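**Student:** The structure under discussion is supplied below as C-alpha cells; questions concerning it will follow.
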Amino acid sequence: MSQKLTSKNLFITSFCLFALGSCMNPMQQGNSLTISTSSGVSQGALSKNVITWEDIPYAIPPEGDLRWKAPRPLISPELIITPKEGNGCLQEASIYAGIQGEGIVGQEDCLYLDIKAPVNNFNRRLPVMFWIHGGGNTSGLKDYYDFSELIRQHQVLVVTINYRLGPMGWFTHPAIQGLQNGIDKTSNFGTLDIMEALKWVKSNIQNFGGDPDNITIFGESAGGNNVLSLLASPKGNGLFHKAISQSGYTTSFTKEEALGVNHKGEVVNQLGSDPVLSSYDVIGYLSIKNFFNKDPKKYGEEYQRYLRSIDGKALLEVYEKLSKDTYDRLPLLTRDGIVTHINGVSAGLASSKEKNKIPVIAGSNKDELSLWLGSNRYFVKASYPLTKLVPIPKIEFKREDLYKLWVKTRSQGWKLRGVDEPLMELEKAGYDSLYAYRFDWDDQSSSYFADFPNLIGAAHGFEISFITGDFKFGPIGRFVYPKGELRDQMKVTMMQAWTSFAKTGIPNTGKSQEWKKFNSKNRFFMKLDSDEHLSLDKERLSLEFITGNVRSSPVGTLLEKCLLVQETFFNIGDYFEDEFIQWNQGACKQFDMDFERKKIETDLIEEFGSATVY
Numbered sequence: 006m007s008q009k010l011t012s013k014n015l016f017i018t019s020f021c022l023f024a025l026g027s028c029m030n031p032m033q034q035g036n037s038l039t040i041s042t043s044s045g046v047s048q049g050a051l052s053k054n055v056i057t058w059e060d061i062p063y064a065i066p067p068e069g070d071l072r073w074k075a076p077r078p079l080i081s082p083e084l085i086i087t088p089k090e091g092n093g094c095l096q097e098a099s100i101y102a103g104i105q106g107e108g109i110v111g112q113e114d115c116l117y118l119d120i121k122a123p124v125n126n127f128n129r130r131l132p133v134m135f136w137i138h139g140g141g142n143t144s145g146l147k148d149y150y151d152f153s154e155l156i157r158q159h160q161v162l163v164v165t166i167n168y169r170l171g172p173m174g175w176f177t178h179p180a181i182q183g184l185q186n187g188i189d190k191t192s193n194f195g196t197l198d199i200m201e202a203l204k205w206v207k208s209n210i211q212n213f214g215g216d217p218d219n220i221t222i223f224g225e226s227a228g229g230n231n232v233l234s235l236l237a238s239p240k241g242n243g244l245f246h247k248a249i250s251q252s253g254y255t256t257s258f259t260k261e262e263a264l265g266v267n268h269k270g271e272v273v274n275q276l277g278s279d280p281v282l283s284s285y286d287v288i289g290y291l292s293i294k295n296f297f298n299k300d301p302k303k304y305g306e307e308y309q310r311y312l313r314s315i316d317g318k319a320l321l322e323v324y325e326k327l328s329k330d331t332y333d334r335l336p337l338l339t340r341d342g343i344v345t346h347i348n349g350v351s352a353g354l355a356s357s358k359e360k361n362k363i364p365v366i367a368g369s370n371k372d373e374l375s376l377w378l379g380s381n382r383y384f385v386k387a388s389y390p391l392t393k394l395v396p397i398p399k400i401e402f403k404r405e406d407l408y409k410l411w412v413k414t415r416s417q418g419w420k421l422r423g424v425d426e427p428l429m430e431l432e433k434a435g436y437d438s439l440y441a442y443r444f445d446w447d448d449q450s451s452s453y454f455a456d457f458p459n460l461i462g463a464a465h466g467f468e469i470s471f472i473t474g475d476f477k478f479g480p481i482g483r484f485v486y487p488k489g490e491l492r493d494q495m496k497v498t499m500m501q502a503w504t505s506f507a508k509t510g511i512p513n514t515g516k517s518q519e520w521k522k523f524n525s526k527n528r529f530f531m532k533l534d535s536d537e538h539l540s541l542d543k544e545r546l547s548l549e550f551i552t553g554n555v556r557s558s559p560v561g562t563l564l565e566k567c568l569l570v571q572e573t574f575f576n577i578g579d580y581f582e583d584e585f586i587q588w589n590q591g592a593c594k595q596f597d598m599d600f601e602r603k604k605i606e607t608d609l610i611e612e613f614g615s616a617t618v619y
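Printed below as a string of C-alpha cells:
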C-alpha cells in the first residue's frame with residue numbers, strides 16, 4: 006500500500022549543465038554530422054530524418070575528490086566523443102526503468118547528454134526541449150526515452166540527460182557541507198547537475214540548430230519535481246525560458262532529516278546519511294566520526310577521504326537493504342538555503358520573482374496511483390488460468406470500491422499538492438502565464454487477464470508515450486495503448502500542445518477548445534483526452550475536502566482510512582504531521598501506522614510470496 010516501496014519499480018517516474026567556449030561550425034560528412042563543442046567533437050548519426058548525438062559529456066566525472074561536490078564544467082574541445090554502453094548513474098536495476106542487470110548497476114561517471122534534431126536543422130534556431138527523466142530521483146536514464154517522432158513531426162530539438170541519483174545526487178553530512186566552500190556546501194548535487202547541463206546547452210546548442218534563447222524544461226514525476234525545484238531555485242535564473250511539470254511534487258527534507266539525527270543525537274530518519282554509514286561500517290565510521298567530533302579541523306580531510314573511499318555500489322546496497330525495513334524516506338532534495346529555499350520548494354516558488362515572465366504548465370493524471378495499487382495484493386488477486394508454468398496472471402479486484410476510493414483520493418491529493426498549490430505559489434511571485442491539466446485518457450482494451458480501463462486507466466506516467474509517440478509497455482502494451490483513432494487523437498493533441506508551448510509559450514491543442522490560464526480564483530485546467538472528451542474544467546480542491554470525503558465514505562475500515570489519509574497528508578509535498586494527528590478528532594492515534602503497514606505487507610508476503618501480483 007505504500008508508494009515509497011514500489012516507486013523504484015517505475016519506468017517513469019529528473020537533470021543539469023555549464024561549459025564555456027566558442028564552437029566550430031558543423032561539418033556534414035555523408036549521412037553523419039560532426040559537431041565541435043566545448044567538451045569535445047561529437048559524431049551524429051542519421052536515422053529516419055532525425056540526427057542523434059549520443060553520450061556528450063557535460064561535466065567532469067564526479068568521482069574521487071569530486072564525489073559530493075558541484076559538477077565542474079568539462080572544457081576539452083579536442084576530445085573525440087564516442088558513444089558508450091552502460092553510462093547510467095548508480096542505481097538499482099529495474100526493467101521498468103529500462104535498467105538492465107541485477108542489484109546495483111551504473112557508475113559515478115555518468116554526466117552525459119544526448120541531442121536529437123530534425124534533418125536540415127542547421128542555420129535554424131529551433132525550440133529546445135530539455136527532458137528531465139523520472140524515477141523517484143533514485144532510478145532512470147536518458148536512453149530510455151526516444152522523442153524522434155515528436156522531433157520529426159514538430160521540428161523541435163530535444164535534449165535528454167543523466168544526473169546523479171539517490172545518495173550520490175543528494176547527500177548531507179558534516180564532513181561534506183561543513184568543510185566545503187561556496188556552491189560545494191550544498192546538499193543538492195543532482196539538482197546542480199541539471200543546472201550544469203542547462204548551462205552546457207545554452208553555450209553549445211546553437212551549433213546543433215537549437216535556439217539558446219528558447220529552452221523549455223519538461224519532466225515527469227521526479228522530473229516534474231526537478232522542474233519545480235529549478236523554478237524555485239535562484240540558481241536556476243536565466244537557464245530556461247518555459248517549464249512543464251508532469252505529475253511533479255514539492256517534497257523536500259530538512260538538514261536534520263537528511264543527516265538522520267537531531268541535535269540530541271537521536272535518530273530521526275533511518276535512511277539519513279549518519280545511520281546508513283553507521284550500518285555500513287559501524288567500527289570504522291564511528292571511529293573517524295569520534296575523532297572528527299573532537300577536532301574537526303585536524304581530522305576533517307581524513308573524514309572526507311574516508312567518505313569518498315567508500316565503494317559507491319556497496320553504499321547503495323546498504324540503502325536498499327535498510328529501505329526494506331523502514332518507512333522512512335530517502336532524503337533527496339534538501340532545504341540547504343543555497344540551491345533550495347531554507348523553507349522548502351513551495352517557499353522558493355512563492356519568492357521566485359526573477360523568473361516570473363516564464364510560462365509554466367503543471368499537471369497530473371486522473372488515476373496516478375493505479376500504477377502502484379493495481380498490482381498490490383491488498384487490492385487485487387491473481388490466478389494463473391494457463392498454470393504457473395505459463396506465468397501470466399489473471400488479475401481481478403478483491404474490493405473494487407476500496408481500490409477506487411484509494412486511487413481517487415490519492416490522485417486528487419496529487420493534483421492539489423503537485424499542480425494547484427505550486428501554481429498558486431508561482432502566482433504569488435507574479436507569474437501570469439500559468440496553465441494546468443489533468444490527463445484523463447483511459448481508452449484501453451480489456452483482456453481476459455485484466456480489466457485494464459478500470460485497473461490502470463490514466464495512470465502515472467502514461468501520458469509520456471503520447472508525447473514521444475513511442476508506445477512501449479512490455480507484453481500488455483497492446484492493451485493499455487491499443488492502436489486506433491482514440492490513441493492517435495491523444496497523440497496529436499499532446500504533441501501539438503507541448504510543442505506549441507515550447508514555440509510560443511501558449512499550449513494549443515489544435516482543437517477548438519481554448520486552454521485558459523490557471524489562477525487561484527478559477528483554477529482552470531484542461532482535461533486532456535480523446536477529442537470527444539477534451540474539455541476545460543475548474544475545481545477548488547483542498548485537503549479538507551479530499552480527506553473529508555474519506556471520513557464520510559462508507560468504504561473501508563477506520564485503519565484503512567487512516568492509512569489512506571496519512572499518505573495523502575505525507576506524499577507529494579512536505580509532511581503535514583499535525584494535520585494528520587488532528588484528522589477525524591485524532592481517531593488515528595490508536596494505531597502504530599508503521600507497524601500496521603509492515604504487518605499488512607508481511608502478511609501478504611507470507612501468504613503469497615510477494616506483496617504484488619507479479
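Per our numbering, the sequence shown starts with residue 6, numbered consecutively.
Every residue gets a Cβ at the ideal spot worked out from N, C-alpha and C, and that includes glycine.
Remember, it's a predicted structure, so these values are computed and weren't measured experimentally.
Please report the straight-line C-alpha distance between Leu431 and Leu421, rounded to a whole angstrom.
**Tutor:** Cα to Cα, Leu431 sits roughly 14 angstroms from Leu421.
**Student:** Run the CB neighbour count on Arg340, radius 10 Å, all protein chains shown included, and call it buried at 16 or more, exposed below.
**Tutor:** Classification for Arg340: buried.
**Student:** Should Ser375 be listed as close to the ligand SAH, given that the test is whether its C-beta is under 7 angstroms from any heavy atom?
**Tutor:** Among the components of this structure there are no ligands whatsoever, and the ligand SAH is therefore not found.
**Student:** In whole angstroms, what is the alpha-carbon distance linking Pro427 and Asp300?
**Tutor:** Those two C-alpha atoms are separated by around 44 angstroms.
**Student:** Which same chain residues end up closer than 8 angstroms to Ala441 when comparing Cβ atoms and leaving out the 5 residues on each side of it in sequence?
**Tutor:** For Ala441, where only same-chain residues beyond five positions count, the Cβ hits under 8 angstroms are Ile366, Ala367, Gly368, Val424, Asp425, Leu428, Phe523, Arg528, Phe529, Phe530 and Met531.
**Student:** Starting from the Cα of Phe258, find the closest Cα among Ser47, Ile249, Leu244 and Val273 and give me that residue.
**Tutor:** Out of Ser47, Ile249, Leu244 and Val273, Val273 has the C-alpha closest to the C-alpha of Phe258.
**Student:** Please classify Trp175: does DSSP put it in a helix, a strand, or coil?
**Tutor:** Strand at Trp175.
**Student:** Using the DSSP secondary-structure output, state which residues sit across from Cys115 in a beta bridge.
**Tutor:** Cys115 pairs with nothing; no bridge assigned.
**Student:** On a CA-only basis, which of Ile469, Ala202, Val385 and Leu236 is nearest Ser43? Give me that one, please.
**Tutor:** Looking at the Cα atoms, Ala202 is the closest of the given residues.
**Student:** Just to confirm the assignment: which complete alpha helix (DSSP H) runs, minimum length 4, are found wholly within the region 389-452?
**Tutor:** Those alpha helix (DSSP H) runs which fall completely within the region 389-452 and span 4+ residues are 405-420 and 426-433.
**Student:** First and last residue of the beta strand (DSSP E) that includes Asp279?
**Tutor:** No beta strand (DSSP E) holds Asp279; the alpha helix (DSSP H) holding it covers Ser278 to Tyr285.
**Student:** What residue ranges within the region 351-392 form continuous beta strand (DSSP E) runs of no fewer than 3 residues, ordered along the chain?
**Tutor:** Complete beta strand (DSSP E) runs here, min 3: 365-370 and 385-388.
**Student:** Are Asp216 and Pro132 closer than 8 angstroms when you measure CB to CB?
**Tutor:** Cβ atoms of Asp216 and Pro132: closer than 8 angstroms.
**Student:** Spatial neighbours of Phe600 within its chain, please: C-beta separation below 7 angstroms, excluding the five flanking residues on both sides.
**Tutor:** Around Phe600: no qualifying Cβ.
**Student:** At which residues does the beta strand (DSSP E) containing Thr221 begin and terminate?
**Tutor:** Taken as a continuous stretch (DSSP letters only), the beta strand (DSSP E) holding Thr221 covers Gly215 to Glu225.
**Student:** For Leu79, which residues of its own chain have a beta-carbon under 7 angstroms away from its beta-carbon, when the five flanking residues on both sides are left out?
**Tutor:** The answer, listed in chain order, is Ala24, Ser44, Pro62, Tyr63, Ala64 and Ile65.
**Student:** Alpha carbon to alpha carbon, how far is Thr221 from Phe467? Give it in angstroms, no decimals.
**Tutor:** Roughly 21 angstroms separates the two Cα atoms.
**Student:** With 16 other CB atoms within 10 Å as the buried threshold, where does Gln34 fall?
**Tutor:** With a pLDDT of only 39 at Gln34, under 50, the local geometry of the prediction cannot be trusted, and the value read off the model is given with reservation. Exposed.
**Student:** Which whole runs of the beta strand (DSSP E) in the region 245-272 are 3 residues long or more, in chain order?
**Tutor:** For the region 245-272, whole beta strand (DSSP E) runs of length 3 or above, ordered along the chain, are 247-251.
**Student:** What are the boundary residues of the alpha helix (DSSP H) that includes Asp330?
**Tutor:** No alpha helix (DSSP H) holds Asp330; DSSP gives it neither H nor E.
**Student:** Going by CA-CA distance only, name the one from Leu569, Met598, Ser153 and Trp175 that's closest to Leu321.
**Tutor:** Selected option, being the one with the closest Cα: Trp175.
**Student:** I'd like to check one pair, Gly353 with Ala227: are the Cβ atoms closer than 8 angstroms?
**Tutor:** It is not a contact, given that the beta carbons lie outside the stated cut-off.
**Student:** Residue range of the alpha helix (DSSP H) that Thr607 falls in?
**Tutor:** Element bounds for Thr607: Met598 to Phe613.
**Student:** Could you tell me which of Gly317, Lys318 and Leu291 sits nearest to Val308, measuring between CA atoms?
**Tutor:** Per the sequence presented here, residue 308 reads as Tyr, with Val not at that position. It is Leu291.
**Student:** Could you tell me which of Lys371, Glu262, Ser356 and Asn459 sits nearest to Val385, measuring between CA atoms?
**Tutor:** Val385 has its Cα closest to that of Asn459, out of Lys371, Glu262, Ser356 and Asn459.
**Student:** Grab the span of the alpha helix (DSSP H) containing Lys207 for me, first residue to last.
**Tutor:** Run containing Lys207: Phe194 to Asn209, per the alpha helix (DSSP H) assignment.
**Student:** On the CB-based measure, 16 or more other CB atoms within 10 Å of its CB, does Gly479 come out buried or exposed?
**Tutor:** Per the 10 Å Cβ criterion, exposed.
**Student:** Beta-carbon within less than 6 angstroms of Met499's beta-carbon, same chain only, minus the 5 sequence neighbours each way: which residues are those?
**Tutor:** Closer than 6 angstroms at Cβ, skipping near neighbours: Phe471 and Ile472.
**Student:** What three-state label does DSSP hand Lys121 in the structure shown?
**Tutor:** Here Lys121 sits in strand by DSSP.
**Student:** Report the option in Tyr150, Arg382, Arg129 and Lys74 whose CA atom is closest to the CA atom of Glu113.
**Tutor:** Of Tyr150, Arg382, Arg129 and Lys74, the residue nearest in Cα terms is Lys74.
**Student:** Assign Tyr149 to one of two classes, buried (16 or more other C-beta atoms within 10 Å of its C-beta) or exposed (fewer than that).
**Tutor:** Result: buried.
**Student:** Taking all protein chains shown into account, do 16 or more other C-beta atoms lie within 10 angstroms of the C-beta of Phe245, making it buried, or fewer, making it exposed?
**Tutor:** Phe245 should be labelled buried.
**Student:** Flag this pair as touching only if the region 154-164 and the region 44-61 have three or more C-beta atom pairs under 8 angstroms; answer yes or no.
**Tutor:** Cβ pair count under 8 angstroms is three or more, so yes.
**Student:** Would you give the residue range spanned by the alpha helix (DSSP H) that Leu563 belongs to?
**Tutor:** Leu563 -> alpha helix (DSSP H) spans Leu563 to Phe575.
**Student:** Just tell me which of Ser81, Ile120 and Ser144 has its CA closest to the CA of Val110.
**Tutor:** Checked all of Ser81, Ile120 and Ser144; the closest Cα to Val110 is Ser144.
**Student:** How big is the Cα-Cα spacing for Gly40 and Pro336?
**Tutor:** Here the sequence assigns Ile to residue 40, which means Gly is not the residue at that position. Approximately 39 angstroms, taken between the alpha carbons.
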